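See below for the structure under consideration.
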Amino acid sequence: MAGGAKKQSRQWVATAEGAHLRGRRVRDTKPEVTLRKAVHRLGLRFRLQRRVTPQCTADLVLPRHRIAIFVDGCFWHGCPDHAPREFRGPNAARWQEKINTNRKRDHRNTEQVTAAGWSVVRIWECEIRRDAEGAAERVAKLVSSDHAE
Ligand SMILES: [Zn+2]
547 MAGGAKKQSR QWVATAEGAH LRGRRVRDTK PEVTLRKAVH RLGLRFRLQR
597 RVTPQCTADL VLPRHRIAIF VDGCFWHGCP DHAPREFRGP NAARWQEKIN
647 TNRKRDHRNT EQVTAAGWSV VRIWECEIRR DAEGAAERVA KLVSSDHAE
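In our numbering, the protein residues as written are 547 to 695.
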């Protein structure tokens with residue numbers, strides 16, 4: 547298939563690393579796009595980048611079901627399988643601190659968003675890489691349990 551030919555972009559691309567260092571969530575990452583497609587294939591409709599509490603924006607939101615989905619990058623959000631166990635070099639402590647701060651923020655956001663009446667789904671980027679359909683199924687299950695009530 548020639549349709550999928552890769553285009554080389556010469557534009558400067560903001561890196562995930564840079565955005566994280568500025569304390570932002572990164573949008574439209576590859577795992578996020580993959581997840582969207584998988585969720586969409588299951589016939590679920592969602593919105594992107596919706597604010598679910600005053601402090602917190604979810605990556606995907608299913609407003610009717612009050613489901614908020616967060617895609618967490620393995621490195622910056624401290625995935626148990628893929629975050630580095632130790633850092634080296636002069637900035638090691640700062641890297642570690644940055645990841646610890648992100649993890650605490652994730653945890654706090656989950657609590658706040660849950661308290662606001664949302665069902666929270668956090669999905670690691672590696673989970674999407676491994677099994678995007680399975681990750682989407684987690685969302686679909688929540689939707690169907692919502693219907694059951
Ligand atoms: Zn991971």
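Backbone N, C-alpha and C fix where the C-beta goes; we use that ideal spot for every residue, glycine too.
If you're wondering where the values come from, they're calculated on a predicted model, not measured in any experiment.
| task | Taking only runs that begin and end inside the region 563 to 643, name each unbroken alpha helix (DSSP H) of 4 or more residues, in chain order. | result | Listed in chain order, the complete alpha helix (DSSP H) runs (minimum 4 residues) inside the region 563 to 643 are 576 to 587, 620 to 623.
Is it the case that the CB of D627 approaches a heavy atom of ligand 1 more closely than 7 Å? True, at least one ligand heavy atom lies under 7 Å from that Cβ.
For R651 versus G624, is the C-beta distance shorter than 8 Å?
-> Not a contact, by the Cβ cut-off of 8 Å.
- Measuring from the CB of C602, is there a heavy atom of ligand 1 at a distance below 7 Å? The answer is no for C602.
| query | Is it the case that the CB of W670 approaches a heavy atom of ligand 1 more closely than 7 Å? | reply | Yes, since a heavy atom of ligand 1 falls inside the 7 Å radius drawn around the Cβ of W670.
CB-CB under 6 Å to T656, same chain, minus the five flanking residues each way: which ones, in chain order?
Taken in chain order, the residues that qualify are V666.
Checklist line | Alpha-carbon to alpha-carbon, Q658 and E679 | finding: Each residue's alpha carbon lies about 28 Å from the other.
If we count the other Cβ atoms within 10 Å of its Cβ and call it buried at 16 or more, is A498 buried or exposed?
Outside the shown range of the chain, which is 547 to 695, sits residue 498, and nothing can be said about it.
Legend entry - Alpha-carbon spacing of G589 relative to F633, whole angstroms: Distance between the alpha carbons of G589 and F633: 42 Å.
inquiry  = In whole angstroms, give me the CA-to-CA distance for L594 and D605.
reply    = When rounded, the distance between both Cα atoms is 6 Å.
Quiz item: Does the beta-carbon of H546 have 16 or more other beta-carbons within 10 angstroms, so that it is buried, or is it exposed?
Solution: Only positions 547 to 695 of the chain appear in this structure, which leaves residue 546 out of reach.
| Taking the DSSP output, what are the residues bridged to R668? | Answer is F616.
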